[in-house]
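> Sharing a structure, written as structure tokens. Questions coming.
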Amino acid sequence: MLWVYNIIFIPLGGIDCQVSLTSSDSVVKKPGESVTLSCTASGFSVNSYWMHWIRQKPGKALEWIGYIDGGTSTTFAQSLQGQFSITKDTSKNMLYLEVKSLKTEDTAVYYCARDSQ
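Residue numbers (mature numbering (1 follows the signal peptide of the UniProt record, and there is no 0)): -17 to -1, 1 to 100.
See the structure below:
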């Protein structure tokens, strides 16, 4: 079994009481499957900021996965190229992270975060 948690994260630029990020529920998947995690933004537009995904494996430091810019361009950590897809739905103000071909080492808490500018 593979546990994948999706948690909200404070914007990288600090706390703003008018801004919130709400995550989808935690999921359990089998190795080889794929999963899409979601993050709903409130108080700002996901089109106006770079939006990041970060994860933390059990007992490990935070690991930056990648970001999507104000448009549709994405950038990923070099070591994670091809394993992830980041998209957004501007009509719902939502951010998505698809994790492809899950491995046991993908067990982690996954965070979405807004860039400060």
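Built from N, CA and C at the ideal position, the CB exists for glycine as well.
1) Just checking my contact of Gly53 with Ser17 at CB under 8 Å: how many whole Å lie between their CB atoms?
2) State buried or exposed for Thr11, treating a residue as buried only when at least 16 other CB atoms are found within 10 Å of its CB.
3) Name the one or two DSSP bridge partners that Leu63 has.
4) Put Ala91 into one of helix, strand or coil per three-state DSSP.
5) For Leu85, I'd like the list of residues in its chain whose CB is within less than 7 Å of its CB, leaving aside the five on either flank, ordered along the chain.
6) Quick one: residues in its chain with C-beta nearer than 8 Å to the C-beta of Tyr50, no 5 flanking neighbours on either side, listed in chain order?
7) Specify the secondary structure class of Ser3 as computed by DSSP and reduced to three states.
8) In the DSSP assignment, find the unbroken beta strand (DSSP E) run with Gln21 in it and report its ends.
9) Looking only at its own chain, which residues have a Cβ that is under 6 Å from the Cβ of Leu78, when we skip the five neighbours before and after it?
The relevant details are as follows:
1) Looking up residue 53 in the sequence shown gives position 70. Looking up residue 17 in the sequence shown gives position 34. 26 Å between Cβ atoms; not a contact.
2) Residue mapping note: residue 11 aligns to position 28 of the sequence shown, counting from 1. Going by the sequence as given, residue 11 is Val instead of Thr. So Val11 counts as exposed.
3) Counted from its first residue, the sequence shown places residue 63 at position 80. DSSP, once it has assigned bridges, lists no residue as partnering Leu63.
4) Residue 91 sits at position 108 when you count from the first residue of the sequence shown. Strand at Ala91.
5) On the sequence shown, position 102 is the one that residue 85 refers to. Only Leu(-16), Lys12, Pro14, Gly15, Glu16, Ser17, Val18 meet the Cβ criterion.
6) By one-based count along the sequence shown, residue 50 stands at place 67. Hits under 8 Å: Trp33, Met34, His35, Trp36, Thr57, Thr58, Ile69, Asp98.
7) For the purposes of this step, residue 3 is identified with residue 20 of the sequence shown, where counting begins at 1. Ser3: strand per DSSP, three-state reduction.
8) Taking the sequence shown and counting its residues from 1, one reaches residue 21 at position 38. Looking at the sequence provided, one finds Ser at residue 21 rather than Gln. Counting along the chain, the beta strand (DSSP E) containing Ser21 begins and ends at 18 to 25.
9) Translated into the one-based positions of the sequence shown, residue 78 becomes position 95. So the qualifying residues of the chain are Cys22, Val29, Met34, Lys71, Cys95.
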